[in-house]
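Numbering follows numbering that gives the first Met the number 0, in which position 47 of the sequence shown is assigned residue number 46; successive positions increment by one, without gaps.
C-beta atoms are modelled at their ideal positions from N, C-alpha and C, and glycine is treated no differently.
These figures come from a predicted structure and were not determined experimentally.
Here is the structure we will look at.
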Amino acid sequence: MTAGTAVSPVEARIRAANTERAGAFVGYLPVGFPDLATSIAGAIALAEAGADVIELGLPYSDPVMDGPVIQRATQAALAGGFRLRHAFEALREITAAVDAPVLLMTYWNPVLAYGVERFADDVVAAGGAGLITPDLIPDEAAEWLAASDTHGLDRVFLAAPTSSDTRLDAAVAASRGFVYTVSTMGITGARADVDSAARTLVARLREHGATNACVGLGVSTAAQVAEILGYADGAIVGSALVAALADGGLDRLTDVARDLASGTAVLPAGR
């Protein structure tokens, strides 16, 4: 990425995945679902099954970007007593057990309420790599940009098919780790086909200087992972993993994660 000079752990892992295989598999699970201990075990199982990067979602009362599968899971976590301190507990246990870098995915209000510097301090202390902030745009992120620079944390901003060239410039310049490339306009959730707009958006991001673009929203099969890695650096899967954990526990989650990881195995033609 263009922000900062040091290569981040997330960027290094994605680069390695693109050198050794077709690209990176980025997996999402929420903290506290179906309970805290299982969510920690699930993230560890996800990494052991082949995920290169873990996104650990913080349950939030107004998840405007999340589809029904993730909403149900995060609402269950909140109902079960999730508190922000549990995110740091989970981070510590996961990063102690696996070497996959772990990003917290969080809406911005909880970070503001906690205190941006204090939040950054606690992420570092727990071994976290940084934040994905879906509702924060670079123009309004001065406090987070400063804190993440001070603490050496990654910051992942979103780019959408409707983003202007100015917005893409800002997302590329501000992001460190990767740019979260939104494949479709809408909420998260597995879809039968990944929108072709993602391919066009990745090409636009390349024109604006992005070196790591990972595609998410609607990715649910190994075939889709392989398709995405033909033009992007990573494929992000969330709802399919959450559904697997909800329906079949850790065993089902591991099976689905291994299958999804198989989509990274073959280099696309021309690579």
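Per DSSP, the bridge partner or partners of residue i
i: residue 27; result: 54
i: residue 101; result: 53
i: residue 106; result: Looking at the DSSP assignment, residue 106 forms no beta bridge with any residue, so it has no partner.
i: residue 178; result: 212
i: residue 236; result: 26
i: residue 157; result: 179
Contact set for residue i: own chain, Cβ-Cβ below 6 Å, skip 5 residues either direction
i: residue 135; result: 107
i: residue 159; result: 181
i: residue 227; result: 214, 234
i: residue 104; result: 54, 56, 131
i: residue 241; result: 68, 69, 72
i: residue 102; result: 54, 128, 129, 131
i: residue 7; result: 153, 175, 176
i: residue 81; result: 31, 58
i: residue 253; result: 44, 48
i: residue 9; result: 52, 100, 128, 153, 176
Backbone CA spacing between residue i and residue j [nearest angstrom]
i: residue 217; j: residue 182; result: 7 Å
i: residue 175; j: residue 247; result: 35 Å
i: residue 153; j: residue 196; result: 26 Å
i: residue 17; j: residue 142; result: 32 Å
i: residue 42; j: residue 155; result: 19 Å
i: residue 94; j: residue 126; result: 6 Å
i: residue 236; j: residue 212; result: 14 Å
i: residue 140; j: residue 12; result: 25 Å
i: residue 51; j: residue 29; result: 17 Å
i: residue 173; j: residue 151; result: 13 Å
i: residue 184; j: residue 261; result: Because residue 184 carries a pLDDT of 49, less than 50, the predicted location of this residue cannot be relied on, and the following value inherits that uncertainty. Residue 184 and residue 261: Cα-Cα distance of roughly 27 Å.
i: residue 85; j: residue 201; result: 35 Å
i: residue 20; j: residue 123; result: 29 Å
Own chain, CB closer than 7 Å to residue i, minus 5 neighbours either side, in chain order
i: residue 79; result: 31, 34
i: residue 146; result: 115, 116, 119
i: residue 75; result: 32, 33
i: residue 40; result: 249
i: residue 91; result: 125, 126
i: residue 138; result: 169
i: residue 167; result: 158, 203, 204, 207
i: residue 189; result: Only weak support exists for where residue 189 lies, its pLDDT of 47 falling under 50; the value from the coordinates is given anyway. Excluding residues within five positions, the ones whose Cβ falls inside 7 Å are 217, 219, 238, 239.
i: residue 198; result: 230
i: residue 4; result: In this predicted model, residue 4 has a pLDDT of only 45, less than 50, meaning its place in the structure is not dependable; the value taken from the coordinates is given anyway. Same-chain partners within the cutoff: there are none.
i: residue 339; result: The first residue shown for the chain is 0 and the last is 270, placing residue 339 beyond what the model contains.
Run of the alpha helix (DSSP H) containing residue i, from where it starts to where it stops
i: residue 151; result: Looking at the DSSP string, residue 151 is not in any alpha helix (DSSP H), and its letter there is neither H nor E.
i: residue 35; result: 35-47
i: residue 88; result: 83-96
i: residue 14; result: 8-19
i: residue 136; result: Here residue 136 belongs to no alpha helix (DSSP H), and DSSP marks it neither H nor E.
i: residue 118; result: 115-124
i: residue 263; result: Looking at the DSSP string, residue 263 is not in any alpha helix (DSSP H), and its letter there is neither H nor E.
i: residue 199; result: 196-206
i: residue 73; result: 67-78
i: residue 167; result: 164-173
i: residue 280; result: Outside the modelled stretch of the chain, which goes from 0 to 270, sits residue 280, for which no answer is possible.
Enclosing beta strand (DSSP E) for residue i [first to last residue]
i: residue 130; result: 129-131
Same chain, Cβ closer than 8 Å to residue i, five either side skipped, listed in chain order
i: residue 257; result: 48, 49
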